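Residue numbers (the working numbering): 342 to 714.
In structure tokens:
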């Protein structure tokens, strides 16, 4: 910029005020991020339906005011390049897997006491056999506003709920072949991945991909929740309806009233990935420890963790009534239930742990493939 033009700009901002000048100077002094290239596989040059994630170094986690303790502190991580599904695995895709393998999901089987026992306080007696009925957890909503400290008010275990019947035996997925498959456990996702010749992403790979090339942005699309006055993801809009109020209350028999949307409904991120936040939570490969990011930061300091695979065990002291070391896998991305009043997990750094044998009506997955595969 030549001297004459700089003096002119300074004069203009002097007239507008010092605050305006600061905005201008900060913009040009701020490191500008390169716009990533979207590279999609076509079945010849890369696997079809997948996007190339180039890998690289990034700050994982968040120190933002919205960040929870389990997202802190930020720490340096590097991941190698890989391919990632551009969308969640859909009902149609999962149906093909079931057709070819006759696979029965966790929700379609009688629950195994051993997988339940470890999620309960020590010494909990085994219930009678009549209690063990195939089914899954379903969001059922409430009639009126409730205290948001107790999620059991809007969740229920519904016999007969599974991936074909997400909210109960009378519900179905007719016309929803392009929606994310839900009501799948971690074990179901791993079985599908083996059949598809892919794998679940590590937590580090997932976050790197979700960020889409944006450095520490609050959301996968930038720093503002709304874009042109609209929510750019399938999340609960509290401006229209208080959470978790559903009027009328969702009936599992009636098939429900809120839920997933077709994949690709909302804009893609910088790598060409859809619904990295919102729509349905996503299983990733890692065990969940609430303190894992703190452990990583302490171990590596200012150096870089290369392709971390996560901890070797689980630890979650914040899940009331569940033993802190109960097995949990990481889930990422949030869902159609997340909102500004509760959860806020439609941020790329947000993370939770979930029972690997517990399917839910807002939980699905997507897969990755190594560059060498």
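All C-beta atoms in this analysis are idealised placements derived from N, C-alpha and C, irrespective of residue type, glycine included.
In this text, all values refer to a predicted model and were calculated from it rather than measured experimentally.
Check                                                                                                                                                                    : Outcome
When the Cα of residue 665 is compared with those of 674, 567, 429, 632, which residue comes out closest?                                                                : 632
In three-state DSSP terms, what is residue 511?                                                                                                                          : coil
Give the DSSP bridge partners of residue 552, in chain order.                                                                                                            : Paired residue(s): none; residue 552 is not in a bridge.
Starting from residue 527 and walking both ways along the alpha helix (DSSP H), at which residues does that stretch end?                                                 : 527-537
Return the Cβ separation of residue 608 and residue 562 in integer angstroms, given the expectation that the two are a contact with Cβ distance under 8 Å.               : 7 Å
Would you mind sorting residue 503 into buried or exposed? The rule is 16 or more other CB atoms within 10 Å of its CB.                                                  : buried
Give the list of continuous beta strand (DSSP E) stretches no shorter than 3 residues that lie fully inside the segment 384-469.                                         : 391-394, 397-401, 416-420, 423-426
Only counting runs of 3 or more residues, tell me where the beta strand (DSSP E) segments fall wholly within the segment 609-666, in order along the chain.              : 622-628
Suppose you measure from the CA of residue 399 to the CA of residue 493; what does that come to, to the nearest Å?                                                       : 37 Å
Going along the chain, which residues of its own chain have a beta-carbon closer than 8 Å to the beta-carbon of residue 578, five neighbours each way excluded?          : 572, 680
If contacts are defined as beta-carbon pairs under 8 Å, then residue 677 and residue 576 qualify, I think. What distance do you get, rounded to the angstrom?            : 6 Å
Whole angstroms are fine: how far does the CA of residue 558 sit from the CA of residue 417?                                                                             : 15 Å
For a test of the three-state rule: what should DSSP assign to residue 568, helix, strand or coil?                                                                       : strand
On the three-state DSSP scale, how would you describe residue 502?                                                                                                       : coil
Per DSSP, what kind of secondary structure is residue 547 in: helix, strand or coil?                                                                                     : helix
Three-state secondary structure (DSSP) at residue 586?                                                                                                                   : strand
For residue 708, I'd like the list of residues in its chain whose CB is within less than 6 Å of its CB, leaving aside the five on either flank, ordered along the chain. : 426, 534, 539
Just to confirm the assignment, what range does the beta strand (DSSP E) spanning residue 580 have?                                                                      : Per DSSP, residue 580 belongs to no beta strand (DSSP E) and is neither H nor E.
Pick out whichever of 713, 411, 446, 465 has its Cα sitting closest to the Cα of residue 530.                                                                            : 446
Run through the DSSP bridge pairs and tell me what residue 521 is partnered with.                                                                                        : 431
Rounding to the nearest angstrom, what Cα-Cα distance links residue 498 and residue 551 in this structure?                                                               : 31 Å
Report, in whole angstroms, the separation of the C-beta atoms of residue 662 and residue 462, which I expect to be a contact under 8 Å.                                 : 7 Å
From which residue to which residue does the beta strand (DSSP E) around residue 692 run?                                                                                : 692-695
Where does residue 709 fall in DSSP's three states?                                                                                                                      : strand
So who's on the other strand from residue 382, going by DSSP bridges?                                                                                                    : Beta-bridge pairing links residue 382 to no other residue.
Can you name the start and end residues of the beta strand (DSSP E) that residue 673 belongs to?                                                                         : 670-673
So for residue 474, helix, strand or coil by DSSP?                                                                                                                       : coil
Kindly identify the DSSP beta-bridge partner or partners of residue 490.                                                                                                 : Paired residues: none, contrary to the question.
Taking C-alpha atoms, which residue in 560, 403, 642, 586 lies nearest to residue 611?                                                                                   : 560
To the nearest angstrom, how far is the alpha carbon of residue 486 from that of residue 582?                                                                            : 10 Å
Return the bridge partner residues of residue 679 from the DSSP annotation.                                                                                              : Beta-bridge pairing links residue 679 to no other residue.
With a threshold of 8 Å, are at least 3 pairs of Cβ atoms found where one atom belongs to the segment 453-460 and the other to the segment 425-443?                      : no
For residue 540, which of helix, strand or coil comes out of DSSP?                                                                                                       : strand
Once the 5 residues before and after residue 317 are set aside, which same chain residues still bring their CB inside 6 Å of it?                                         : No answer is possible for residue 317: it lies beyond the span of the chain, which begins at 342 and ends at 714.
Verify whether the separation of the beta carbon atoms of residue 692 and residue 670 is less than 7 Å.                                                                  : no
Buried or exposed for residue 564, please, with buried defined as at least 16 other CB atoms from any protein chain shown within 10 angstroms of its CB.                 : exposed
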